[in-house]
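Worksheet for the structure shown next.
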Amino acid sequence: MVEERAYWLVWSQVTGIGPVLLCRLQQHFGTLAEAWSAPAMDLGAVEGIGKQLLEAIGQARSQLNPEEVLEQHDLKNPDFWTPADTNYPQLLREIPTLPPVLYYRGQVNLQENQAIKPTVGSVGISLSN
Numbered sequence: 001m002v003e004e005r006a007y008w009l010v011w012s013q014v015t016g017i018g019p020v021l022l023c024r025l026q027q028h029f030g031t032l033a034e035a036w037s038a039p040a041m042d043l044g045a046v047e048g049i050g051k052q053l054l055e056a057i058g059q060a061r062s063q064l065n066p067e068e069v070l071e072q073h074d075l076k077n078p079d080f081w082t083p084a085d086t087n088y089p090q091l092l093r094e095i096p097t098l099p100p101v102l103y104y105r106g107q108v109n110l111q112e113n114q115a116i117k118p119t120v121g122s123v124g125i126s127l128s129n
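For what it's worth, the UniProt record's numbering labels the leading residue of the sequence shown as 1, then goes sequentially.
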């Protein structure tokens with residue numbers, strides 16, 4: 001089975017599909033994998049997808065294999081996340097136009113990335129005069 005992140009990657013390569021339409025596709029079909037294999041008539045039911053975009057989607061689906069696209073991309077750019085990845089930044093998930101592919105360099109503090117802040121507390125007694 002092909003990973004869902006492959007579909008985030010391949011959909012992001014379709015001309016005319018941006019973050020808003022990607023989110024609409026995911027909401028409409030449940031997963032981008034389902035959207036990728038959906039009939040054109042069902043895709044046309046998604047707000048923002050018209051005849052011209054349906055043609056671009058059809059052309060992309062005939063030319064792109066999500067699994068191959070992911071494998072090739074991993075070889076050239078292994079440091080990236082999609083919303084399907086658990087390490088995708090939590091705060092970015094909360095915006096309506098989340099980036100479908102997010103590249104990073106260097107070391108990433110995963111706790112900070114997931115909006116987990118360390119909590120410091122002190123327990124003690126205070127003496128007053």
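Think of the CB as a built atom: it goes at the ideal place given N, C-alpha and C, for glycine as much as any other residue.
Out of curiosity, what's the CA-to-CA distance linking residue i and residue j?
i: His-73; j: Tyr-103; result: 12 Å
i: Cys-23; j: Arg-61; result: 18 Å
Strictly by DSSP, which residues pair up with residue i?
i: Phe-80; result: Tyr-103
Tell me which same chain residues have a C-beta within less than 8 Å of the C-beta of residue i, skipping the five on either side of it?
i: Asp-79; result: Tyr-103, Tyr-104, Arg-105
Does residue i come out as helix, strand or coil in the three-state DSSP assignment?
i: Asp-74; result: helix
i: Tyr-88; result: coil
i: residue 133; result: In the structure as shown, the chain begins at 1 and stops at 129. Residue 133 is therefore absent and cannot be evaluated.
i: Gly-48; result: coil
i: Ser-12; result: coil
In chain order, what residues of the same chain have a beta carbon less than 7 Å from the beta carbon of residue i, not counting five sequence neighbours either side?
i: Gln-59; result: none
For residue i, I'd like the list of residues in its chain whose CB is within less than 6 Å of its CB, leaving aside the five on either flank, ordered along the chain.
i: Ile-49; result: Leu-43
(request) Could you tell me whether the segment 10-18 touches the segment 64-81, where touching means 3 or more Cβ pairs closer than 8 Å? (result) Cβ pair count under 8 Å is three or more, so yes.
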